[in-house]
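A.B. asks:
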Ligand SMILES: [Zn+2]
Ligand SMILES: [Zn+2]
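In my numbering, the protein residues as written are 677 to 822.
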């Protein structure tokens with residue numbers, strides 16, 4: 677049963693890479709699946725911890741993260757600590773349509789739906805051409821219970 681779902685994951689990853697115009701190398705597939713399985717944004721160090729034992733070196737992991745980011749399959753966030761965190765980009769999720777809250781302790785990102793961003797007219801008056809993302813930083817309830 678486990679074998680079958682693993683094969684499906686690999687097939688799905690190949691499909692995603694092909695659609696993005698990237699070659700399906702074993703390292704690229706492994707990085708993509710590791711990101712899909714993570715339930716929060718992951719750092720290069722965290723991903724390496726999981727992938728190095730599988731036979732991929734840290735530089736390979738980093739290069740593939742960069743490739744995936746370049747084709748916009750993966751998004752990269754920095755919380756002000758100079759550490760990049762990587763997560764799968766959901767094509768159905770328009771990151772520019774609402775702000776996001778990011779916990780600076782654990783890196784978890786959540787949607788702040790229902791909060792609107794400046795419309796075309798407001799943006800023009802603010803001298804803004806395009807907003808790519810709004811990040812609100814703080815501490816989540818898990819890291820800092822109230
Ligand atoms: Zn947190
Ligand atoms: Zn969102």
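For each residue, glycine too, the CB sits at the ideal point set by N, CA and C.
Once the 5 residues before and after residue 696 are set aside, which same chain residues still bring their CB inside 6 angstroms of it?
C.D. replies: Position 20 of the chain shown holds residue 696. A distance below 6 angstroms between beta-carbons, with the five flanking residues on each side excluded, links residue 696 to the following residues of its chain, in chain order: 747, 749.
A.B. asks: So, does the stretch 786–801 touch the stretch 754–761, judging by three or more C-beta pairs under 8 angstroms?
C.D. replies: These segments do not touch.
A.B. asks: Can you round the beta-carbon distance between residue 726 and residue 710 to whole angstroms, since I take them to be within the 8 angstroms contact cut?
C.D. replies: In the chain shown, counting from the first residue as 1, residue 726 sits at position 50. In the chain shown, counting from the first residue as 1, residue 710 sits at position 34. Right, their Cβ atoms sit about 6 angstroms apart.
A.B. asks: Please go through the same chain and pick out, in chain order, the residues whose beta-carbon is closer than 6 angstroms to the beta-carbon of residue 736, but skip the five residues on each side of it.
C.D. replies: Position 60 of the chain shown, counted from the first residue, corresponds to residue 736. In the same chain as residue 736, and ignoring 5 residues on each side of it, the C-beta atoms closer than 6 angstroms to its own belong to 703, in chain order.
A.B. asks: Mapping the DSSP letters down to three states, classify residue 774 as helix, strand or coil.
C.D. replies: Within the chain shown, the letter at position 98 stands for residue 774. Three-state result, residue 774: coil.
A.B. asks: Have a look at residue 729 and residue 705 and give me their C-alpha separation to the nearest angstrom.
C.D. replies: Along the chain shown, one-based indexing puts residue 729 at 53. Along the chain shown, one-based indexing puts residue 705 at 29. Computed Cα separation, rounded: 15 angstroms.
A.B. asks: Do residue 815 and residue 779 have their C-beta atoms within less than 7 angstroms of each other?
C.D. replies: One-based indexing of the chain shown puts residue 815 at position 139. One-based indexing of the chain shown puts residue 779 at position 103. Less than 7 angstroms divides the Cβ of residue 815 from the Cβ of residue 779.
A.B. asks: Within the structure, which residues are defined as neighbours of ligand 1 by a Cβ-heavy atom distance below 7 angstroms, reported in chain order?
C.D. replies: Answer in sequence order: 779, 781, 782, 784, 815, 816, 818, 819.
A.B. asks: Measure the alpha-carbon distance for residue 765 versus residue 734 and round it to whole angstroms.
C.D. replies: Within the chain shown, residue 765 is the residue found at index 89, counting from 1. Within the chain shown, residue 734 is the residue found at index 58, counting from 1. The straight-line gap from Cα to Cα measures roughly 22 angstroms.
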